[in-house]
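The block underneath contains the structure these notes are about, expressed in structure tokens.
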Amino acid sequence: MNRAPLRFFFDYVSPYSYLAWTQLPALAARHGRTVELLPVLFAGVLNTLGTTGPAEVKQKRFYIYKHTRRIAHELGVPFVMPAAHPFNPLLALRVTAAVQDGEARHRLVSALYAAAWGGGGGLLQPERVGEVVASVGFDAQALLAASQTPAVKDQVRRNTEELLALDGFGVPTIVVDGELFFGVDSLSHLERFLRGEDPLSREELERLKNLPVAASRI
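So the sequence shown is numbered by the working numbering: it starts at 694 and just counts up by one.
This is the structure we're talking about:
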């Protein structure tokens with residue numbers, strides 16, 4: 694029986710998404726799953742929800758840069774901050790959406806993440822995206838042209854809308870078997886869930902979902 698894939702909603706602008714991606718393929722393989730890659734525009738999620746990204750809050754910005762570097766050290770993966778952050782990830786997201794083959798998309802995502810966060814020169818300039826695309830065997834000119842078509846642009850938008858419809862609120866988000874996991878720090882929870890060892894019962898989930906509010910800041 695084919696098991697449902699781990700549906701990975703991500704944006705290249707997020708270092709936490711990069712860190713999750715370095716672990717997710719191996720995690721999925723341990724449980725006989727595949728990974729479905731869904732590029733989304735994190736800024737679109739924030740705009741819809743009326744919230745602010747962590748790198749847009751002065752007190753959080755410096756902290757998350759330290760935090761992600763420390764997580765990378767724990768995981769033993771390369772991590773180099775780009776020359777500027779946040780950066781515009783839209784071209785990289787659209788190029789990714791333009792690749793239909795699952796295995797090829799995995800290869801491209803790994804290359805773009807390595808460029809963005811693994812010391813591969815960053816993704817700040819559009820021409821850099823083209824260089825990364827070409828470096829992993831794609832026709833850069835054709836793929837960049839495809840990324841500007843209405844169908845591909847619409848795909849990124851629909852992925853973003855789907856994440857919101859699933860009650861997602863940020864990246865990275867992994868959805869599997871009707872459950873949502875947010876953040877690189879939830880990967881151990883995801884693995885426990887896949888083993889059938891989630892500590893949350895259906896009754897407790899229902900109670901938490903409908904928990905009343907007792908106070909408000911307004």
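Cβ coordinates follow ideal geometry from the N, Cα and C atoms, glycine included.
Between the stretch 798 to 809 and the stretch 715 to 731, the count of Cβ pairs shorter than 8 Å is three or higher; the stretches touch. Minimum Cα-Cα distance from Asn852 among the listed residues Arg696, Ala839, Phe703 and Arg754 corresponds to Phe703. Contact between Ala791 and Leu836 holds, with the beta-carbon distance rounding to 6 Å and staying under 8 Å. Straight-line measurement puts the Cα of Ala839 at about 22 Å from the Cα of Ala807. Less than 8 Å separates the beta-carbon of Glu872 from that of Phe886. A distance below 8 Å between beta-carbons, with the five flanking residues on each side excluded, links Asp794 to no residue of its chain. With a cutoff of 8 Å on beta-carbon distance, Leu816 and Phe780 are scored as near each other. An exposed status is given to Leu904, since fewer than 16 other beta-carbon atoms sit within 10 Å of its beta-carbon. Counting of Cβ neighbours within 10 angstroms places Gln848 among the buried residues, the total reaching 16 or more. Only exposed fits Arg900, as fewer than 16 other CB atoms lie within 10 angstroms of its CB. By the Cβ-count criterion, Ile867 is buried, with 16 or more other Cβ atoms from all chains shown falling within 10 Å of its own Cβ. According to DSSP, residue pairing for Thr866 in a beta bridge involves Phe702 and Phe875. Short of 6 Å from the beta carbon of Val825, and not among the five residues preceding or following it, lie these beta carbons of its own chain, in chain order: Ala804, Leu805 and Ala808. Excluding its 5 nearest sequence neighbours in each direction, Ala833 has C-beta neighbours in its own chain below 7 Å: Gly823, Val826 and Ala827, listed in chain order.
DSSP assignment within the stretch 731 to 779 yields the following whole alpha helix (DSSP H) runs of 4 residues or more, N-terminal first: 735 to 742 and 751 to 768. Taking C-beta atoms as the reference points, Phe874 and Leu883 count as a pair closer than 8 Å. For Ala839, the enclosing alpha helix (DSSP H) covers residues Ala833 to Ala839. Beta-bridge pairing by DSSP links Val728 to Leu699. Excluding the 5 residues flanking it on each side, Ala785 has same chain C-beta neighbours closer than 7 Å at Tyr705, Leu805, Leu816 and Val822, in chain order. It is roughly 30 Å from the alpha-carbon of Leu859 to the alpha-carbon of Phe772.
In the three-state scheme derived from DSSP, where H, G and I count as helix and E and B as strand, Arg888 is classed as coil.
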